[in-house]
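In the working numbering, the protein residues as written are 17 to 125. Just so it is clear, CB atoms sit at the ideal spot from N, CA and C, and this is done for glycine as well.
Here you go:
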């Protein structure tokens with residue numbers, strides 16, 4: 017999980033994940049082109065290094081298609097973080113809201 021947090025700590029890598037979430041299965045060239053058109057200047061080599069870190073953290077999966085390498089978002093590690101770190105806090109809020117709803121319904125009866 018440390019590799020996931022390290023990968024997510026960088027805004028450029030989060031941007032790449034957002035790009036893959038919007039359109040999965042992009043090549044390195046497509047990602048570079050879309051970043052350039054959105055005003056984010058990043059060299060091909062920098063994008064490649066960021067993708068390697070994301071792949072190492074299992075946040076990006078790749079599939080070779082001929083000479084191309086397609087990049088896909090893997091949401092599982094992010095879901096695991098949500099389950100472990102965020103879900104526990106949400107559970108208490110949901111229970112509090114449920115108790116509040118029940119108390120309000122009792123008052124109206």
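Got a sec? Which residues, its chain only, sit under 6 Å from residue i by beta carbon, not counting five neighbours each side?
{"i": "residue 73", "result": "19, 20, 23"}
{"i": "residue 84", "result": "43"}
{"i": "residue 100", "result": "none"}
Could you pull the DSSP bridge partners for residue i from this structure?
{"i": "residue 42", "result": "87"}
Taking all protein chains shown into account, decide if residue i is buried (16 or more other Cβ within 10 angstroms of its Cβ) or exposed.
{"i": "residue 29", "result": "buried"}
{"i": "residue 81", "result": "exposed"}
{"i": "residue 95", "result": "exposed"}
{"i": "residue 76", "result": "buried"}
Go through its chain and collect everything with a Cβ distance to residue i's Cβ below 7 Å, but skip five positions before and after it.
{"i": "residue 56", "result": "31"}
Contact the region 63-72 vs the region 31-51: 3+ CB pairs below 8 Å: yes
Unbroken alpha helix (DSSP H) runs of length 4 or more, entirely within the region 45-111: which are they? 60-72, 92-97
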